Structures are given as structure tokens and as C-alpha cells.
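J.:
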Amino acid sequence: MPDRISLQVLRYRPEQEAEPTVQEFEVPCHKDWVVLDGLNYIKDRLDGSLTYRWSCRMGICGSCGMTVNGEPKLTCATFLSEYAPGPVQVAPLRNFPIIRDLVIEMGDFMRKLPEVKPWIIRKEEKPLAEGEYLQTPEQLDDYKQFSMCINCMLCYAACPVVGLDSHFLGPAAIALAQRYNLDSRDQGAAERLEVLSQHEGIWGCTFVGECTKVCPKNVDPAGAIQRYKLKATIEWLKSFFMPRGAR
Amino acid sequence: MNQQPNYTEHHPRWYRTRVSTYWWLEKPAYFLFILRELSSVFVAWFVVFLLMLVAAVTGGAESYRQFLAWAARPGVVALNVVSLLFVLLHTITWFNLAPQAMAVRFRGKRVPGIWIAGSNYAAWVIVSGVVLWLIVQ
Ligand code: SF4
Ligand code: FES
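Chains A and B, in that order, give the protein sequences. Residue numbers for the first sequence follow the numbering used here, so the first one is 1 and each next one is one higher. Residue numbers for the second sequence follow the numbering used here, so the first one is 1001 and each next one is one higher.
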């Protein structure tokens, strides 16, 4: 393995330039170095003005998502050596406005997320004296996968629909809605159905399936959306053929 | 994405990349997706072809013979061969995606995806077998 590798980093300095440019840096390519280590090396030794987000460097906080050689990746979980001999292209996540260098603006997601009410909704809270809401392992299993989401936005970067239709709720928001819909303690599915069954909700999805492929947490947002489509269709049919009381 | 930023000194310009019209050429997976979407046109064509066949059969022996002659023309055969390939692509890609859309439980356990896709394929083989048997009979 070569001991150095070149990183072609997308820079965008709005006070200086109207469009992003590429800047090349040479960094050490240690066996145990991830792309994020390379960026940290640049920031510490070569150019302190390089701007990017990171925090946990262990795939938990979801802040280090970037486009590495065209693919959305968590840079703390992507080894430089995978790309040897290089060069490695590092760019911000696609489908989001760039604030600076590798930092994206994700306010859009932050506004969409609460629309699906991703919290437990109860018609009536159980009195405290009755204790906690118990769940069996099977009930936990129903939604656990969807609760693993770290809001890293890799799925939004991979989804062509997100890029083409800015109103689309997007993979993670719908998967998170499902996380609560499938929770045995939750009673808010009907409230969420309204937002989710709009065109900009599940029906915006054309099942490209890339969100699931890039998700570092195996959330399978594409699966969540298709399952929800099935459910929404059944609900719709029921509303047609069944009297109110039987629903 | 959908809200415009305020341009102020301390809130500089965001850079927005535009999605290219040819985004579906950017990744093999996107291209396959577009082919899968396109395949529905050919599925529709097969339905039309089948309806035309039924119409020809109900129209008597002469119209059936005319239909057969028309269907044997190289252009029509070529179209049908291409359609068959697309329909196969359509079937296979959708069968492989089916497990993602269905979370089936049996005795409290999630049925593995391969079983769901597998049962689709099995049903495909059985139905094709029955149709073949009907034709050969
Ligand atoms: S669903 Fe996966 S890819 Fe999307 S934000 Fe959550 S963890 Fe990231
Ligand atoms: S730095 Fe936290 S997920 Fe990569």
C-alpha cells in the first residue's frame, strides 16, 4: 500500500468564490485511517480553513456524511485504504445546499421531520400507578430496525426523488414515522397517515432503492416506505368497502 | 431545498447544485431503475397484444390467420423479443424487491426475504407450467 494518498476535496468559500472548486491534498494513508482522519490531518497540518462536520468518529452521531468517490458515506466509517492508490474525491452530500466546503444545510429535513410526528402519541396516558408500558421482544422487533436511524442524511443524498422534488418527505422521515407507527405503545398512526399518504409522502417514492443500499445502520427506509404503501392502500380499500364501525 | 435563505453578511450564499437531466446515467443502479420503469411500457404492450389475439380469435378463423401472419412479421417479432426481455427484467426486479415491501410473520418470527421472493418465483413457475399445459393440450 502506498504510504500517501491524494484527497481531492471540494471547497466552497462563499465570500471568495461563486462556485465550488476542487483542492488537492496529500495525506498519509495508514491502514487504520478513515477518510475523516485524512480530513483532520488536512485541517491540523495543511489548511486550517477546511470546514466539515464530525463528532463521534464511530458511526453514531451521523454528522460526518459526505460524498466519497461519488457515493454517500460516513467518512468515519470509510477507510482510505479502500481507495488506494487514490485519488479520493470528497464532496458534500448531494441534494442539499452547501453552506461551506463540506458542510450542508439540512434545515429542510429538520422542517419535514416533525410533520410526521416522530414521537409516541397516546389517546390517553395510562395512570402512573399502573406502571410502564410493557413490550414483548417481538413487539420491540417490529420497529427496532427503524429506530436505528442516526439522521445522517446519506439516504437523502442517494435518492433521486429528493433531488428532483423538494417537497418529498424523504426516506429517513418516512422510516422514522414507521418506527412509531409500528410501536405497540403508539396510537398515532391515523394522525400520521394524513401526511404520509399525500403525494409528497410515500407516493413520491418510486422505489429506486438506493436509500437502503447506502444506509450505514441497515434501517431499510425503502422497505419502510413500500410496506407503508401496502398498508395505506389497504386502509383506503377498507374505507371504501367497510362501514365506519368495522374499521 | 424549498426555503430560500436570507442573504445577509453573516448568512452567506448557499450553493445549490442542480440535478442534471441525465441523472439516471450517473450510477448503474439509477440506470437499472429507469430500465425497470420503462419496462412497464412493454408490459402494457403485451397486454395489448394479448387483447388483439383474443379479438382475432373471436373474429373467426380468417381473422386469426391474418393476425398470425401479422405477428410473424420481422418487425413485430423483434418488438416482441425486446418486450419479452423487458418483461423478464420487470418480473425479476420486482420479485427481488418483494421481500422489502412485505414483512411476513410466521409463528412470531419474521419470514426471511428469500422465502418471499422464492414463493413468488415458485408461483411464477407453477402458473407458467399450467399455461403451457393448457396450450399443449
Ligand atoms: S435511514 Fe439510514 S441513511 Fe437515512 S438518515 Fe437514517 S441512518 Fe442515515
Ligand atoms: S463522526 Fe459521528 S457518525 Fe461519523
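Using N, Cα and C, we set each Cβ at its ideal position, and we do this for glycine too. The structure presented is a predicted model; accordingly, all values stated were derived computationally and were not measured.
Give the DSSP-derived three-state secondary structure of A:Ala-91 in the structure shown.
T.: strand
J.: I'd like the list of long-range same chain contacts for A:Arg-13, defined as Cβ closer than 8 Å, with 5 residues on each side in sequence excluded.
T.: The beta carbon of A:Arg-13 sits closer than 8 Å to the beta carbons of Ser-49, Arg-100 and Asp-101 from its chain, once the five residues preceding and following it are set aside; these are given in chain order.
J.: My output table needs one value for A:Gly-59: the three-state DSSP class, helix, strand or coil.
T.: Residue state, collapsed to three classes: coil.
J.: Name, in chain order, the residues that DSSP records as bridge partners for B:Arg-1110.
T.: In the DSSP output, where bridge partners are listed per residue, B:Arg-1110 has B:Arg-1105.
J.: With H, G and I counted as helix, E and B as strand and the rest as coil, what does DSSP make of B:Val-1019?
T.: coil
J.: Reducing DSSP to helix, strand and coil, say where A:Leu-102 ends up.
T.: Here A:Leu-102 carries a coil assignment [DSSP, helix/strand/coil].
J.: Please list the partners that B:Leu-1097 has in chain A, where partner means a Cβ-to-Cβ separation under 8 Å.
T.: Phe-207, Gly-209 and Gln-226
J.: Which residues have a Cβ closer than 6 Å to any heavy atom of the ligand FES, listed in chain order?
T.: A:Trp-54, A:Ser-55, A:Cys-56, A:Arg-57, A:Gly-59, A:Ile-60, A:Cys-61, A:Gly-62, A:Ser-63, A:Cys-64, A:Leu-74 and A:Cys-76
J.: Using the three-state DSSP reduction, which class does A:Phe-241 fall into: helix, strand or coil?
T.: helix
J.: Going by beta-carbon coordinates alone, are A:Val-208 and B:Phe-1106 separated by less than 8 Å?
T.: Going by C-beta atoms, A:Val-208 is not nearer than 8 Å to B:Phe-1106.
J.: Out of A:Lys-31, A:Thr-136, A:Ser-166 and A:Pro-92, which has the shortest C-alpha to C-alpha gap to A:Gly-204?
T.: A:Ser-166
J.: Once DSSP output is grouped into helix, strand and coil, what is the label at A:Val-249?
T.: The shown model of chain A, from 1 to 247, leaves out residue 249 of chain A, and the question about it has no answer.
J.: Go through its chain and collect everything with a Cβ distance to B:Asn-1002's Cβ below 6 Å, but skip five positions before and after it.
T.: Confidence is the limiting factor: at B:Asn-1002 the pLDDT is only 49, short of 50, which leaves the residue's position unreliable, though a coordinate-based value still follows. Closer than 6 Å at the Cβ level, and outside the excluded window around B:Asn-1002, lies no residue.
J.: When we look at the beta-carbon of A:Met-242 and count the other beta-carbons within 10 Å, is it buried (16 or more) or exposed?
T.: exposed
J.: Could you give the distance in angstroms between the alpha-carbon of B:Phe-1095 and the alpha-carbon of A:Glu-24?
T.: 45 Å
J.: Should A:Asn-218 go down as buried or exposed, given a rule of 16 or more other Cβ atoms within 10 Å for buried?
T.: It is exposed - the Cβ of A:Asn-218 has fewer than 16 other Cβ atoms within 10 Å.
J.: Cβ closer than 8 Å: which chain B residues qualify as neighbours of A:Tyr-133?
T.: Correct list: empty, because the minimum Cβ distance to chain B is about 20 Å.
J.: Considering only DSSP beta bridges, list what A:Leu-74 is partnered with.
T.: A:Gly-65
J.: Report, in whole angstroms, the separation of the C-beta atoms of A:Ile-174 and A:Ala-224, which I expect to be a contact under 8 Å.
T.: A:Ile-174 to A:Ala-224, Cβ: 6 Å. Contact.
J.: My output table needs one value for A:Gln-23: the three-state DSSP class, helix, strand or coil.
T.: strand
J.: Determine whether the Cβ of A:Gly-188 lies closer than 8 Å to any Cβ atom of chain B.
T.: Closer than 8 Å: no.
J.: Could you check whether the Cβ of A:Ala-175 sits closer than 7 Å to any heavy atom belonging to the ligand SF4?
T.: At least one heavy atom of the ligand SF4 is nearer than 7 Å to the Cβ of A:Ala-175, so yes.
J.: Is it buried or exposed, A:Ser-239, if we count other Cβ atoms within 10 angstroms and call 16 or more buried?
T.: exposed
J.: The ligand SF4 and A:Ala-172: does any heavy atom of the ligand fall closer than 7 Å to the residue's C-beta?
T.: yes
J.: Go through its chain and collect everything with a Cβ distance to A:Gly-62's Cβ below 6 Å, but skip five positions before and after it.
T.: Shown here for A:Gly-62: same chain residues with a beta carbon closer than 6 Å to its own, the five before and five after excluded, namely Ile-150, Asn-151 and Cys-152 in chain order.
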